[in-house]
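First comes the structure, then the notes that go with it.
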Amino acid sequence: MNEKYIEKSKEGILQENDIAIIEDFSSMKDNILNWYNFNQNAEILEINTELGGITRLLTKKAKKVVAICENETLLEQLQKKYKKADNLQICIGDTVQEGKRFDYIIFYNLKDIELVKKYIPNYDEINTYLKKTGKLIVI
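Anchor point for the sequence shown: position 123 equals 1256 in the numbering used here, and the numbering is continuous, going up by one each time.
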């Protein structure tokens, strides 16, 4: 993804034509996980959703998706982009409900462990967010 669009999104200054470009890029990202056979009744936690590049695919393949983004600006952009996705909950940072367990946790585009810890403060206990047969997917 072009870094200038990511920065514009974080600054909240995307224009209509910028959003169209981002959607074009993100639809290509479906290929990242399109091959994976998710359980249709699955609940997925997507960590670091960025601009929602794989979120669309996840909402098509799962019963429920909780997507964690970095800030209020990204939250607003994602809410606009996915306003029709009734199986999607978008959160900021570490706002995942305590005790909630997921079938899949997907770490998307995490560049360092500190960013992971920002989203999941008790990262060392990541398994507490997974169901007994849950899977962790790192992209």
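Cβ coordinates follow ideal geometry from the N, Cα and C atoms, glycine included.
Residues in the same chain with beta-carbon distance under 8 angstroms from residue i, minus the five sequence neighbours each way, listed in chain order, please.
i, result
"N1167", "L1190"
"D1157", "Low confidence applies here, because D1157 scores a pLDDT of 44, under 50, leaving its location unreliable; read the following figure in that light. So no residue of the chain qualifies."
"I1272", "I1165, L1166, I1187, I1239, F1240, Y1241, N1242"
"N1220", "T1192, A1195, K1196, K1197, V1198"
Can you list, in chain order, the residues of its chain with a C-beta nearer than 6 angstroms to that of residue i? Leave out the 5 residues immediately preceding and following it.
i, result
"T1182", "T1188, A1200, C1202"
"T1261", "none"
"N1204", "none"
"Y1169", "none"
Determine the contact status of residue i and residue j, defining contact as a CB-CB distance below 8 angstroms.
i, j, result
"K1196", "E1176", "yes"
"I1223", "Q1212", "yes"
With a CB to CB cut of under 7 angstroms and the five nearest residues on each side skipped, what residues in its chain are close to residue i?
i, result
"N1174", "K1196"
"K1214", "G1185"
"K1264", "R1234, F1235, D1236"
"N1172", "D1236"
"A1218", "T1192"
With 16 other CB atoms within 10 Å as the buried threshold, where does residue i fall?
i, result
"G1094", "With the chain covering only 1134 through 1272, there is no way to say anything about residue 1094."
"T1192", "buried"
"K1194", "buried"
"Y1241", "buried"
"E1258", "exposed"
If you run the structure through DSSP and keep just helix, strand and coil, what is residue i?
i, result
"Y1262", "helix"
"E1205", "helix"
"L1178", "strand"
"Q1212", "helix"
"K1193", "helix"
"A1153", "The predicted model places A1153 with a pLDDT of 47, which falls under 50 and marks its position as unreliable, so this point remains unresolved."
"I1165", "helix"
* At least three beta-carbon pairs within less than 8 angstroms, the segment 1229-1240 to the segment 1261-1269 -> Proximity of the segment 1229-1240 to the segment 1261-1269 meets the contact definition, three or more beta-carbon pairs being nearer than 8 angstroms.
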